[in-house]
Amino acid sequence: MAILPENYSNLDLTISVPGFSSSPLSDEGSGGGREQLKLDMNRLPSSEDDEELSHGGSAPPRKKLRLTREQSRLLEDSFRQNHTLNPKQKEALAKHLMLRPRQIEVWFQNRRARSKLKQTEMECEYLKRWFGSLTEQNHRLHREVEELRAMKVGSPTVTSASSLTMCPRCERVTTSAGPSMAVMAVPAKKTFTPQECEH
DNA sequence: TTTGTCAATAGGACGA
DNA sequence: TCGTCCTATTGACAAA
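Going by UniProt numbering, the first residue of the first sequence is number 1, and it counts up by one from there.
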């Protein structure tokens, strides 16, 4: 816990979230250059500001808000605790950070999106590697089949490569006539236990 | 000038 | 109907 200063320790952050490591996307590392944003960007807008926005009027050009390091840090801390906020938490965080609740909401939405993107990229990498290893394994097995085909003449047990079968449960390759000849590699996540197989 | 980052917006889906 | 979420997109800004 302890993601907020003492005076905000009454914040009820109880939403459970699947375990997530701290963010790789924090602003900290991206060069101190952009540093602090101007105060007027961070202040809680007055009701006139809201009205100005909602009424459109002459629609002033959108200014880019940059969160301060401290604001980012606190938001990251909160996000590490909970990936979503209830209205009370949002309100409290907004007050504490001198931002509008809507800005807190938007930050969490964007943060969740970035998390998901990161996760998807990692899964993509994993699948790429898996594909690579399966391709390699496939080539190896093809070579093995060719070798077996070459050996078939004179062998009483192996009459043709097409007589090779693979047990769908244990993934052992066997001839229709005899004992297992080779064990296929399986994805790292899967562990083979002899009890799974009837062989 | 180009590129990357990120706050903000739009709009649709969903549950209470 | 309202509040919240997600996704796609926009636009400001800083760094290369």
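Glycine included, each C-beta is placed from N, C-alpha and C at the ideal position. Model, not experiment: these values are computed from the prediction.
- Residue range P101 to M151 is occupied by the alpha helix (DSSP H) that includes L148.
- The shortest CA-to-CA distance from Q109 to any of K63, T120 and H83 is the one to H83.
- By the 16-neighbour rule on beta-carbons within 10 angstroms, A150 is exposed.
- Nearest to N86 by C-alpha distance, out of E105, K152 and R62, is E105.
- Counting C-beta atoms within 10 angstroms of its own C-beta, F79 has 16 or more neighbours from the protein chains shown and is therefore classed as buried.
- Annotation for L74: the continuous alpha helix (DSSP H) segment containing it runs R69 to Q81.
- Collapsing the DSSP output to three states places K90 in a helix.
- Taking C-alpha positions only, H96 is separated from L127 by approximately 42 Å.
- With fewer than 16 other Cβ atoms inside 10 Å of its own Cβ, K118 counts as exposed.
- Secondary structure at L97: helix, using DSSP grouped into helix, strand and coil.
- When the alpha-carbon of L75 is set against those of R62, R112 and R129, the nearest one is in R112.
- With 16 or more other Cβ atoms inside 10 Å of its own Cβ, Q71 counts as buried.
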